[in-house]
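Colleague: Chain order of the listed sequences is A and B.
Numbered according to the working numbering, the first sequence spans residues 7 to 448.
Numbered according to the working numbering, the second sequence spans residues -14 to 152.
For glycine and all other residues, C-beta sits at the position ideal for the given N, C-alpha and C.
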Amino acid sequence: MRDLESVLREAMAEDVAAVIPPPDLAGQVRARHVRHQRMRVAAALAAAAVIVVAVPVATTVVRQQAGPPPAEPAPAVDEVDGVRLTYLPDGLRRDPVDGMDFFDGEMTEAGWTGWTARTGRWNPDTDHIDQFGRYYGGLRVTVFRGEQVADPTTLAPALHGWDERPAEWPDEHVVFRGNAGGERQWLNVVWQADDDLVLRVRIGDDLEHELDRVIEGVRIVGSGDRLIVDPGREPPPAGGGLCDRATNLAAISSGPLPPAEWDEFGGAIVHHVPDALEGGFSEALPSRGLSDWLAEEWWMYSYRWSSPGDDDPSMLLFVYCADWGPQDAGQMANFASTIGWPDQSQPYTTPTGRPGLVADSHFLPSDLPGAAPPGRQVLWLEQPGVMIRMSVDGSLVSELDEILASVRLRHPGPDATATEAGSAPVHVALAGHERSDDLEHL
Amino acid sequence: VGSRDDGSFEAFVAARGAALLRTARLLCREPEDAEDMCQAALERAYRSWPRIQEDNPEPYVRRILVNLVISRSRRAKLISFVALGSLDRPAPEAHGPGVELRGELMKGLRALSPRQRAVLVLRYWEDMSEAQAAEALGVSVGTVKAQASRGLARLRDVVDADLARRG
Chain A
7 MRDLESVLRE AMAEDVAAVI PPPDLAGQVR ARHVRHQRMR VAAALAAAAV IVVAVPVATT
67 VVRQQAGPPP AEPAPAVDEV DGVRLTYLPD GLRRDPVDGM DFFDGEMTEA GWTGWTARTG
127 RWNPDTDHID QFGRYYGGLR VTVFRGEQVA DPTTLAPALH GWDERPAEWP DEHVVFRGNA
187 GGERQWLNVV WQADDDLVLR VRIGDDLEHE LDRVIEGVRI VGSGDRLIVD PGREPPPAGG
247 GLCDRATNLA AISSGPLPPA EWDEFGGAIV HHVPDALEGG FSEALPSRGL SDWLAEEWWM
307 YSYRWSSPGD DDPSMLLFVY CADWGPQDAG QMANFASTIG WPDQSQPYTT PTGRPGLVAD
367 SHFLPSDLPG AAPPGRQVLW LEQPGVMIRM SVDGSLVSEL DEILASVRLR HPGPDATATE
427 AGSAPVHVAL AGHERSDDLE HL
Chain B
-14 VGSRDDGSFE AFVAARGAAL LRTARLLCRE PEDAEDMCQA ALERAYRSWP RIQEDNPEPY
46 VRRILVNLVI SRSRRAKLIS FVALGSLDRP APEAHGPGVE LRGELMKGLR ALSPRQRAVL
106 VLRYWEDMSE AQAAEALGVS VGTVKAQASR GLARLRDVVD ADLARRG
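(1) Using a Cβ-Cβ distance under 7 Å, would residue 2 of chain B count as near chain E?
(2) What residues match up with residue 129 of chain A in a beta bridge as DSSP calls it?
(3) Could you tell me the distance, in whole angstroms, from the CA atom of residue 211 of chain A to the CA atom of residue 100 of chain A?
(4) Could you tell me the alpha carbon to alpha carbon distance between residue 142 of chain B and residue 87 of chain A, rounded to whole angstroms?
(5) At the 7 Å Cβ level, is residue 45 of chain B part of the contact set with chain A, yes or no?
(6) Can you tell me the Cβ-Cβ gap for residue 342 of chain A and residue 387 of chain A, rounded? I've got them flagged as a contact below 8 Å.
(7) Identify every residue that forms a DSSP beta bridge with residue 365 of chain A.
(8) Assign residue 350 of chain A to buried or exposed, taking buried as 16 or more other Cβ atoms, counted over all protein chains shown, within 10 Å of its Cβ.
(9) For residue 353 of chain A and chain B, any beta-carbon pair shorter than 7 Å?
(10) Does any CB atom of chain A fall closer than 7 Å to the CB of residue 117 of chain B?
(11) Would you please verify whether the beta carbon of residue 20 of chain A is less than 7 Å from any beta carbon of chain B?
(12) Have a look at residue 126 of chain A and residue 213 of chain A and give me their C-alpha separation to the nearest angstrom.
(13) Just to check my reading of the structure: residue 410 of chain A and residue 319 of chain A have Cβ atoms closer than 8 Å, yes? What is that Cβ distance to the nearest angstrom?
(14) Would you say residue 34 of chain B lies against chain A (beta-carbon separation less than 7 Å)?
(15) DSSP three-state call for residue 34 of chain A: helix, strand or coil?
(16) If you draw a straight line from the C-alpha of residue 88 of chain B to the C-alpha of residue 111 of chain B, how long is it?
(17) Run the CB neighbour count on residue 412 of chain A, radius 10 Å, all protein chains shown included, and call it buried at 16 or more, exposed below.
(18) With a threshold of 7 Å between beta carbons, is residue 37 of chain A in contact with chain B?
(19) Answer yes or no: does any C-beta atom of chain A fall closer than 7 Å to that of residue 54 of chain B?
(20) Between residue 174 of chain A and the rest of its own chain, which residues show a CB-CB distance below 6 Å, the 5 nearest in sequence each way excluded?
(21) Using DSSP bridges, identify the partner residues of residue 352 of chain A.
(22) Less than 7 Å between the C-beta atoms of residue 31 of chain A and residue 90 of chain B, yes or no?
(23) Can a CB atom of chain B be found closer than 7 Å to the CB of residue 405 of chain A?
(24) Which residues in chain A sit within 8 Å of residue 105 of chain B, going by Cβ to Cβ distance?
(25) How far does the alpha helix (DSSP H) with residue 84 of chain A in it reach, from first residue to last?
(26) Is the CB-CB distance between residue 126 of chain B and residue 133 of chain B below 7 Å?
(27) Would residue 92 of chain A and residue 223 of chain A qualify as a contact pair, given that the criterion is a beta-carbon distance under 7 Å?
(28) How about residue 109 of chain B and residue 20 of chain A: are their beta carbons less than 7 Å apart?
(29) For my contact list, residue 32 of chain B and residue 93 of chain B are in at a C-beta cut-off of 8 Å; report their separation, rounded to the angstrom.
(30) Contact criterion: CB-CB distance below 7 Å. Does residue 12 of chain B meet it with respect to chain A?
(31) Report the rounded CA-to-CA distance for residue 37 of chain A versus residue 84 of chain B, giving the unit in angstroms.
(32) Write down the C-beta distance between residue 325 of chain A and residue 392 of chain A rounded to the nearest angstrom, noting that I regard them as a contact closer than 8 Å.
(33) Can you list, in chain order, the residues of its chain with a C-beta nearer than 6 Å to that of residue 26 of chain B? Leave out the 5 residues immediately preceding and following it.
(34) Output needed for residue 28 of chain A: all residues of its chain with C-beta closer than 8 Å, excluding positions within five of it in sequence on either side, in chain order.
(35) Return no unless some Cβ of chain A is closer than 7 Å to the Cβ of residue 28 of chain B.
(36) With 7 Å as the threshold, decide whether the Cβ of residue 50 of chain B is near any Cβ in chain A.
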């Protein structure tokens, strides 16, 4: 048999033999360029003249409302991340906590990058909460910023749900308009306002008649905060609860474990970091207030350990922390649903005796179906109000029990043993990554 | 853009559009994405056309294309991606073992990681040297070597499995 490279060349040639570009490829490229250029100019004009003109993007992408637009420049009603809303429906009140969308950023070798998302939430006076404890009704305005929002084909699915993408784009700037992800109680409009700015307006179905007026009142007035990984800029949640200790997180650095200055970090620490993860600890992302998903404030910390190669294993750890969260195993199901836990899972007890769920999949769906290494993830109730999710893939699956047994909360609360399933925690010989000061907390 | 020569851009696309689209098709895991990626790369080149048109713009466009595809593939890891458009894909025909093997190889190629796939496409479709491929990808020559080695090893497994299946 001939060498593999020659056969591969033949296979490639055969595969693309029938590929022919459209007859007017250059014209299509130019038209695409003109569309994008027009969009940039419109956004720049809007930013420069916010007082006297409506944002051109918004006015061109949304069908005209039945009623007249505001005749005079309206006073600023409210703002979220550099975007001003000059019209808000009556009867809504601003949630004091902005949301950071669960889909902020993306995983790359460099950590979470991509875009930031800040959501302003205006709730109706009468709360509507569904069976999963999520608000519906009212108004949500999410401001996505970052170079990578320039590609709406990539951002759009993240905006609407994991597996839904609009069947058609009704306007050159509108990414989406309609219900999404089976959420009939929300109407969404998403549009690209600039190369690095995408806006989403979600409104409860009972306020649909107000949607266009809200959008026409949108003004871009600043570049936003852009910050996402520094919770110190936010006051900690009140109440003296378990989640109060997240205020000292100051920087992201590398190393096999979160750096020493994170000692007050209210998340978890892992004492067994497999040697295969030579890339070391690579990033952490605290999120506060998961917009639209949960009715109450919570914190989520994510950690990632990685290896340099595309195919090498990775380890992801999430700590979900909410004083009002699940108190026992029986309350886990709804919480699991809200964080996108896979349906195909089984009951599980961790090596330290915690009740949980296990699923044979990695948190990050691989783009290599059929060739992907197997993954496994476990979600467990570490103590009332605190759930931990560990996801590994590749060779790390065989080490999962040892990894799980080494996970400890940095600051376990007084109820730390309340969720144990009766057995004593498994003693695990610590691997070579621990720091002595960590031991004091165990 | 004052000095942009649309005529020269059209001539370039007419001359090299098919080759770029074919490369895009090999780079993309989903063939349906090829045309969009090719257009996106050409659009970025068009923005800079006055600057790049004097030299040979093809390596520049190809580099954009490769990195766009890799970048998008990474982002697609977190989102379920349903492509909109579609290129005509030739229907499978009755074929012999050699054709079957090539088909399996292409499946194997598309199952590789985006960067491994890009390295193999640049090395064995574009006939680039390791140094040229490294430059196009913005990585070291060592990375190109490692990725090519891993990618070929996986494809070799595909070949072995195919041979074993056919006895």
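Modeller: On the basis of the supplied data:
(1) Going by chain labels, chain E is absent from the structure shown, which instead holds the protein chains A and B.
(2) A:99
(3) About 18 Å.
(4) 51 Å
(5) Contact of residue 45 of chain B with chain A is not assigned, every C-beta pair being separated by 7 Å or more.
(6) Wrong, their Cβ atoms sit about 10 Å apart, outside the cutoff.
(7) As computed with DSSP, residue 365 of chain A is found in a beta bridge with A:383.
(8) Under this definition residue 350 of chain A is an exposed residue.
(9) Not one chain B Cβ lies under 7 Å of residue 353 of chain A.
(10) So no, residue 117 of chain B is outside the interface.
(11) yes
(12) Cα to Cα, the separation comes out at about 17 Å.
(13) About 15 Å separates the two Cβ atoms, so there is no contact after all.
(14) With 7 Å as the cut-off, residue 34 of chain B does not count as an interface residue toward chain A.
(15) Looking at residue 34 of chain A - three-state DSSP - the assignment turns out to be helix.
(16) The straight-line gap from Cα to Cα measures roughly 20 Å.
(17) buried
(18) Put simply, the CB of residue 37 of chain A is far from chain B, with every gap to its CB atoms at 7 Å or more.
(19) no
(20) No answer about residue 174 of chain A holds up, because its pLDDT of 41 lies below 50 and its placement is not dependable.
(21) DSSP lists A:364 as partners of residue 352 of chain A.
(22) Inclusion of residue 31 of chain A and residue 90 of chain B in the CB contact set at 7 Å is not warranted, their separation being larger than that value.
(23) no
(24) 14
(25) From DSSP, residue 84 of chain A is part of no alpha helix (DSSP H) but of the beta strand (DSSP E) over 84 to 86.
(26) no
(27) Yes, these two residues count as a Cβ contact at 7 Å.
(28) no
(29) Residue 32 of chain B to residue 93 of chain B, Cβ: 36 Å. No contact.
(30) In terms of beta-carbon proximity, residue 12 of chain B stays away from the interface with chain A, with every pair separated by 7 Å or more.
(31) Between the alpha carbons of residue 37 of chain A and residue 84 of chain B lies a gap of roughly 39 Å.
(32) 7 Å
(33) 46, 49, 50, 53
(34) 34
(35) yes
(36) no
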